[in-house]
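Structure record follows, encoded as structure tokens.
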Amino acid sequence: AIAPDYDKVGKFHRFLFGEGYRKLWAAKVKVKIFYLAKEKGGMTILRKGGGLQTKSLRLKDGSGNEWTLRTIQKYPEQGLPPHLRVSLAKDILQDQVVTAHPFASLTVPPLAEALMIPHAHPEIVYVPDDPLLGEFRQEFGNAVFLLEERGPLDGEGTDNTEKAQRELQEDNDTRVEQKIVLRARLLDIIMGDWDRHEDQWRWDKKEDKNNKVYTPVPRDRDMVYYNTSGVFPWIVSHQWLKSKFQGFHPAIRDIKGFNVNARYFDRYFLNQLDESDWKEQVAYVQNKLTDSLIHEAIRMMPDTIFSLSGQRLIHTIISRRNVIAKQAMEYYRFISKYVDIAASDKREYVEIFNDSEGVLTVRVNKIKKDDTKGHTMYQRRFDPAVTKEIRVYGFDGNDVFSAIGSGSSPIKIRMIGGSGTDSFHVDADFTGRRKLFIYDRQSERNMFSSTSGVKLRLSDDSTINIYDKKAFKYDRYATLLLANYSIDDRFLFRVGFSNERQGFRKGPYAFYNEFMVNYSLARQTFLITYFAEFKKLVGKNDLGINLYSRGPRSISNFFGLGNETVFENKDN
Numbered sequence: 001a002i003a004p005d006y007d008k009v010g011k012f013h014r015f016l017f018g019e020g021y022r023k024l025w026a027a028k029v030k031v032k033i034f035y036l037a038k039e040k041g042g043m044t045i046l047r048k049g050g051g052l053q054t055k056s057l058r059l060k061d062g063s064g065n066e067w068t069l070r071t072i073q074k075y076p077e078q079g080l081p082p083h084l085r086v087s088l089a090k091d092i093l094q095d096q097v098v099t100a101h102p103f104a105s106l107t108v109p110p111l112a113e114a115l116m117i118p119h120a121h122p123e124i125v126y127v128p129d130d131p132l133l134g135e136f137r138q139e140f141g142n143a144v145f146l147l148e149e150r151g152p153l154d155g156e157g158t159d160n161t162e163k164a165q166r167e168l169q170e171d172n173d174t175r176v177e178q179k180i181v182l183r184a185r186l187l188d189i190i191m192g193d194w195d196r197h198e199d200q201w202r203w204d205k206k207e208d209k210n211n212k213v214y215t216p217v218p219r220d221r222d223m224v225y226y227n228t229s230g231v232f233p234w235i236v237s238h239q240w241l242k243s244k245f246q247g248f249h250p251a252i253r254d255i256k257g258f259n260v261n262a263r264y265f266d267r268y269f270l271n272q273l274d275e276s277d278w279k280e281q282v283a284y285v286q287n288k289l290t291d292s293l294i295h296e297a298i299r300m301m302p303d304t305i306f307s308l309s310g311q312r313l314i315h316t317i318i319s320r321r322n323v324i325a326k327q328a329m330e331y332y333r334f335i336s337k338y339v340d341i342a343a344s345d346k347r348e349y350v351e352i353f354n355d356s357e358g359v360l361t362v363r364v365n366k367i368k369k370d371d372t373k374g375h376t377m378y379q380r381r382f383d384p385a386v387t388k389e390i391r392v393y394g395f396d397g398n399d400v401f402s403a404i405g406s407g408s409s410p411i412k413i414r415m416i417g418g419s420g421t422d423s424f425h426v427d428a429d430f431t432g433r434r435k436l437f438i439y440d441r442q443s444e445r446n447m448f449s450s451t452s453g454v455k456l457r458l459s460d461d462s463t464i465n466i467y468d469k470k471a472f473k474y475d476r477y478a479t480l481l482l483a484n485y486s487i488d489d490r491f492l493f494r495v496g497f498s499n500e501r502q503g504f505r506k507g508p509y510a511f512y513n514e515f516m517v518n519y520s521l522a523r524q525t526f527l528i529t530y531f532a533e534f535k536k537l538v539g540k541n542d543l544g545i546n547l548y549s550r551g552p553r554s555i556s557n558f559f560g561l562g563n564e565t566v567f568e569n570k571d572n
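Heads up: the sequence shown at position 18 corresponds to 18 in our numbering, and the numbers run straight through without jumps.
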């Protein structure tokens with residue numbers, strides 16, 4: 001058994017904190033015993049690794065391939081501030097490890113293989129008190145681990161996400177297989193894997209003389225089939241931006257909240273795919289993930305574990321596969337509302353065409369050494385029914401931006417230059433001038449052609465061309481139910497709402513408002529308040545609105561003017 005203590009709690013504890021997969025953590029299973037000297041021609045330890053919740057060792061086998069030996073047990077206290085690591089918070093977090101299925105990673109390979117998604121081949125092993133563990137013997141001996149290769153063994157090595165993004169920015173001959181990224185993300189949603197941030201991916205690269213192509217390699221499947229129940233987890237999962245904890249159920253309650261950890265990843269690596277691409281990949285995934293394949297995948301778990309959880313997992317996966325089309329298209333519309341398009345530090349030709357139906361087509365081409373157009377790096381049609389704003393970043397290089405077409409579109413366009421001499425041309429027939437914004441350094445010798453009516457945002461501020469991959473924030477709406485107590489009002493009941501909207505380069509929000517109705521039980525009167533704030537409404541100037549209306553029995557204490565006043569508690 002991996003961690004039988006999780007199942008040694010009472011009914012009230014389970015009522016408060018949920019059942020999760022306690023039975024699986026306590027179940028006895030047969031696994032292979034792992035010896036460093038005997039495994040794969042002999043393995044040596046390269047270094048210790050691990051994240052905020054796991055401990056791991058990086059290993060190298062006799063053929064030079066690298067492997068990761070990672071704990072199945074989690075240690076979430078490492079993510080807590082030091083003063084909380086000896087508190088009740090630590091115990092609660094440790095108990096919630098049971099929300100993770102300890103054998104889930106074994107079921108992923110058949111599903112990923114069917115979708116032609118690169119994947120690891122995990123194996124659950126028991127590491128004894130092996131002397132070859134050396135200085136790590138006490139920490140890693142006598143425990144159950146997940147053993148998997150760090151990258152595809154037939155590849156030339158993989159890059160992490162940060163390096164892949166850097167390569168994409170530095171060279172316009174580098175691209176990503178975005179359709180495979182989408183395919184992998186659809187599988188994440190079907191399997192309930194909510195923790196898909198940038199560090200959960202490697203990138204397999206294939207190079208020839210002219211191009212470099214990155215293919216995604218998902219890793220760290222710790223949150224597959226994440227299962228919550230209990231009073232406290234239910235409350236947490238219904239809070240703002242906590243819907244990622246909604247759990248692995250046949251229906252997906254909130255697809256936008258479920259994907260919050262991947263909010264930056266998806267907007268970067270899925271920005272070239274339009275609605276037809278999404279529908280194509282959804283159909284592909286639904287067609288490949290047959291009922292029989294799902295049965296086969298879940299059967300990869302040990303028999304004991306399958307008997308305890310297999311049928312429920314099969315039923316839930318099939319249900320989520322059946323509803324993925326609706327959920328995927330809802331998510332597509334969500335991440336397509338505002339789209340960032342990043343060029344590279346080399347030279348590009350950016351063309352934005354406004355057709356007669358109001359659809360915008362963005363095409364980005366490499367500029368060759370002879371100043372002619374090279375291959376198309378990016379192309380996508382934007383439907384105004386879905387997209388409200390697109391932002392094209394040129395980065396370095398002498399880029400050319402062109403806006404053409406006589407159609408009328410409500411989509412807002414932001415052309416954002418970079419270092420170098422950029423050229424901005426707006427065709428005489430282009431009708432979307434009031435929706436077109438151009439940003440660049442005022443001190444550079446940029447060229448502007450026919451930009452009358454266009455909103456020029458020129459500045460010597462070094463941040464004018466900045467590209468922040470993590471600038472996106474969710475809009476927020478909340479219903480407020482509060483109760484206060486004071487000497488004057490006794491119990492004060494408050495009900496209302498707050499609304500927070502985001503905007504381009506406006507922080508911490510573009511617009512915020514809050515409306516509250518307060519009722520004093522002692523005074524039997526109402527107090528109505530309204531607050532609103534508009535960031536950078538006119539230039540760099542904000543606008544704030546603060547209104548309130550008091551009932552006839554409301555009171556306001558006044559103790560005099562100045563800081564030296566004294567409260568005299570008299571009868572009158």
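Cβ coordinates follow ideal geometry from the N, Cα and C atoms, glycine included. A quick note: this is a predicted structure, and the numbers were derived from the prediction, not measured.
Output the distance between the C-alpha atoms of residue i and residue j, rounded to the nearest integer angstrom.
i	j	result
I367	S276	28 Å
N518	Y512	20 Å
D345	F258	34 Å
I305	F103	8 Å
L68	K205	The amino acid at residue 68 is misidentified as Leu; the sequence shows Thr. For T68 and K205, the distance between alpha carbons rounds to 20 Å.
T107	L146	13 Å
I255	A328	8 Å
I92	H238	18 Å
A37	H101	30 Å
V364	R312	47 Å
F382	I545	36 Å
V31	E123	9 Å
V566	F558	11 Å
E39	D61	8 Å
V350	D399	8 Å
E139	R47	14 Å
K455	K435	8 Å
L153	H425	Because L153 carries a pLDDT of 49, less than 50, the predicted location of this residue cannot be relied on, and the following value inherits that uncertainty. Looking at the two C-alpha atoms, the distance is approximately 49 Å.
M116	A3	34 Å
L543	G496	22 Å
D340	P552	53 Å
If contacts are defined as beta-carbon pairs under 8 Å, then residue i and residue j qualify, I think. What distance do you get, rounded to the angstrom?
i	j	result
A483	F491	6 Å
L521	R550	Actually they are not in contact, since the Cβ atoms of L521 and R550 sit about 16 Å apart, beyond 8 Å.
T431	S450	With a Cβ gap of about 13 Å, T431 and S450 do not count as contacting.
V231	F15	7 Å
S105	R221	4 Å
P128	I33	6 Å
P233	T316	The Cβ separation is near 17 Å, so there is no contact.
Bridge partners of residue i, per DSSP?
i	result
R299	BP columns for R299 are empty, so no partner.
T361	F353 and R381
H315	BP columns for H315 are empty, so no partner.
H119	Looking at the DSSP assignment, H119 forms no beta bridge with any residue, so it has no partner.
L482	R494
F145	T71 and V125
D204	T158 and T215
F437	R414 and K455
M43	Looking at the DSSP assignment, M43 forms no beta bridge with any residue, so it has no partner.
Below 8 Å between beta carbons: does that hold for residue i and residue j?
i	j	result
L377	R166	First, the residue type needs correcting, since residue 377 is Met and not Leu in the sequence shown. Not a contact, by the Cβ cut-off of 8 Å.
A143	T54	no
K179	L273	yes
L481	S498	no
L111	L289	yes
G49	L59	no
E149	H121	yes
F401	D427	no
F248	N261	no
G20	T99	yes
V362	R380	yes
Q200	R219	yes
K28	A1	yes
S292	G18	no
P410	G358	yes
D489	R523	yes
Any beta carbon from chain D within less than 8 Å of residue i's own beta carbon?
i	result
F136	The structure shown contains no chain D; it is built from a single protein chain.
Using 8 Å as the Cβ pair cut-off and three pairs as the minimum, do the stretch 254 to 269 and the stretch 279 to 289 touch? no
Taking contact to mean 3 or more Cβ pairs, one atom from each stretch, closer than 8 Å, check whether the stretch 369 to 377 and the stretch 311 to 323 are in contact. no
Would you call the stretch 379 to 395 and the stretch 407 to 420 touching, i.e. three or more CB-CB distances under 8 Å? yes
Given 8 Å as the limit, is there contact between the stretch 449 to 464 and the stretch 427 to 440, that is, 3 or more CB pairs closer than that? yes
Can you find at least 3 beta carbon pairs, one from the stretch 181 to 200 and one from the stretch 352 to 369, that sit closer than 8 Å? no
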